[in-house]
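Residue 339, in the working numbering, is where the sequence shown stops; the numbers in between run on with no holes.
Backbone N, C-alpha and C fix where the C-beta goes; we use that ideal spot for every residue, glycine too.
On a predicted model such as this, the values are computed, not experimentally measured, just so you know.
Scroll down for the structure; my scribbles are underneath it.
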Amino acid sequence: MGAQDAESAIQRPMIMMTPGALADEIARLAAAAGCEPYRITDPGMAREQWDSAPLVLLDSNTATAVVQAGLPRRDGVVVVSADGDPEAWRYAVAVGAQQVAVLPEAEGWLVGALADAAESPAEPGRVLAVLGGRGGAGASVLAAAVAVSVVGSGRHAMLVDCDALGGGLDLALGAEEIGGLRWSGLTLGGGRVPAATLHAALPAPRLGGRGGLTVLSCDRDGPGPDGIAVRTVCGAGRRAGNMVICDVPRHPCEPGEAALQADRKSVCRERV
68 MGAQDAESAI
78 QRPMIMMTPG
88 ALADEIARLA
98 AAAGCEPYRI
108 TDPGMAREQW
118 DSAPLVLLDS
128 NTATAVVQAG
138 LPRRDGVVVV
148 SADGDPEAWR
158 YAVAVGAQQV
168 AVLPEAEGWL
178 VGALADAAES
188 PAEPGRVLAV
198 LGGRGGAGAS
208 VLAAAVAVSV
218 VGSGRHAMLV
228 DCDALGGGLD
238 LALGAEEIGG
248 LRWSGLTLGG
258 GRVPAATLHA
268 ALPAPRLGGR
278 GGLTVLSCDR
288 DGPGPDGIAV
298 RTVCGAGRRA
308 GNMVICDVPR
318 HPCEPGEAAL
328 QADRKSVCRE
338 RV
């Protein structure tokens with residue numbers, strides 16, 4: 068699947084709510100999350116997207132309508148309430164919703180859920196941490212080669228340099244002259260960053276494959292990333308369905324540990 072195909076495979080969340088103040092507020096939160104959801108008012112119109120939408124937001128009225136329309140239960144359904152109505156829980160049980168989000172307290176959670184859904188790919192992303200067993204084993208070369216192979220298969224790869232003492236992973240690809248930010252130019256806290264923002268800001272060598280490659284390298288001399296920044300980048304790549312390949316130094320360090328622990332369920336460790 069090529070880069071364009073992968074992008075078109077991303078599903079959009081669905082908001083099915085009665086027109087009014089609550090629906091308008093959810094639309095505002097979706098905009099804050101950088102999300103363009105399907106906005107539907109009738110359960111009949113929802114059938115086509117009901118199974119594929121990564122997230123479905125309902126109000127009490129539309130939850131009742133979903134039950135009456137006989138739409139099947141599914142994961143990722145949330146009933147939203149603006150007044151803390153205890154009946155919202157009854158509607159949630161009836162529709163099989165996993166959660167009731169009460170505004171304004173749940174605003175932050177909803178923005179995060181919508182942002183995750185907006186980047187939800189057809190295939191989940193993975194994290195591969197490459198760690199050399201000794202100096203000169205070729206771990207950096209292997210990490211770069213894996214990234215190139217991923218691109219050739221039609222997926223997007225993110226090659227992440229976690230070794231500030233390595234002289235810059237972009238050298239392994241001959242990408243040191245390509246414009247874009249290195250670790251020293253990024254300021255990443257513990258929040259969320261869209262993968263699309265990283266792809267636009269970082270060097271992207273053209274390899275001729277059907278996929279794409281983004282490289283996040285350390286500088287020749289200067290500070291490398293901290294653990295929080297590495298976790299943020301790995302999380303962004305995984306949410307977008309990218310293969311994130313991390314070149315991890317042999318000496319114990321915070322960024323290396325962050326790469327190795329990026330997600331225990333999906334991290335594949337390879338010791339070279």
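* **Every unbroken beta strand (DSSP E) within the stretch 266-301, with a cutoff of 3 residues, ordered by chain** => Runs found: 279-283.
What residue does the alpha helix (DSSP H) around L181 start on, and which one ends it? That run of the alpha helix (DSSP H) goes 174-185.
- prompt: Under 8 Å between the Cβ atoms of P104 and P80?
  reply: Less than 8 Å separates the beta-carbon of P104 from that of P80.
Rounded to the nearest angstrom, what separates G247 and V300 at their Cα positions? Cα to Cα, the separation comes out at about 16 Å.
A326 versus R259: straight-line alpha-carbon distance, rounded:
Cα atoms of A326 and R259: separation of roughly 16 Å, rounded to the nearest angstrom.
### Message
Taking 8 Å as the limit between beta carbons, can you name the residues of its chain near A70, skipping five residues before and five after?
### Response
Only weak support exists for where A70 lies, its pLDDT of 39 falling under 50; the value from the coordinates is given anyway. The answer, listed in chain order, is G221, H223, R277, G278, G279.
Short of 6 Å in beta carbon distance, which residues of its chain neighbour D72, apart from the five on each side in sequence? Order them along the chain.
The pLDDT assigned to D72 is 40, lower than 50, so where the model puts this residue is not dependable; a value taken from the coordinates is nonetheless given after this. Cβ neighbours of D72 beyond the five flanking positions: none.
V146 and Y158: beta carbons closer than 8 Å? It is a contact, given that the beta carbons lie within the stated cut-off.
Helix or strand or just coil, what does DSSP make of V167? Looking at V167 - three-state DSSP - the assignment turns out to be strand.
Buried/exposed call for M84, threshold 16 Cβ in 10 Å: Classification for M84: buried.
Pull up the distance between the alpha-carbon of D230 and that of V213, whole angstroms please.
D230 and V213 have their C-alpha atoms some 17 Å from each other.
Whole angstroms is fine: what's the gap from L181's alpha carbon to A97's? Spanning the two alpha carbons is a distance of roughly 6 Å.
Item to complete: Identify the continuous alpha helix (DSSP H) that holds D91 and give its terminal residues.
Response: Counting along the chain, the alpha helix (DSSP H) containing D91 begins and ends at 88-99.
| Secondary structure at L253, three-state DSSP: helix, strand or coil? | In the three-state reduction of the DSSP assignment, L253 falls in the coil class.
Practice prompt. Reducing DSSP to helix, strand and coil, say where V145 ends up.
Written response: When DSSP states are grouped into helix, strand and coil, V145 belongs to the strand group.
| Using a Cβ-Cβ cut-off of 7 Å (strictly less than) and excluding sequence neighbours within five positions of D142, which residues of its own chain qualify? | Counting only Cβ-Cβ distances below 7 Å, and skipping sequence neighbours, we find Q165.
Given 8 Å, three or more beta-carbon pairs between the stretch 226-246 and the stretch 312-323
By the Cβ rule, the stretch 226-246 counts as touching the stretch 312-323, because three or more pairs are nearer than 8 Å.
*Can the beta-carbon of A196 be found closer than 8 Å to that of C102?*
No; because the gap between Cβ atoms is not below 8 Å, this pair is not in contact.
_Could you check whether the Cβ of C102 sits closer than 7 Å to any heavy atom belonging to the ligand GTP?_
Only the bare structure without any ligand can be found here, which leaves the ligand GTP out of the picture.
**Q.** Any beta strand (DSSP E) of 3 or more consecutive residues that is wholly inside the stretch 193-265
**A.** The qualifying runs are 193-198, 223-228.
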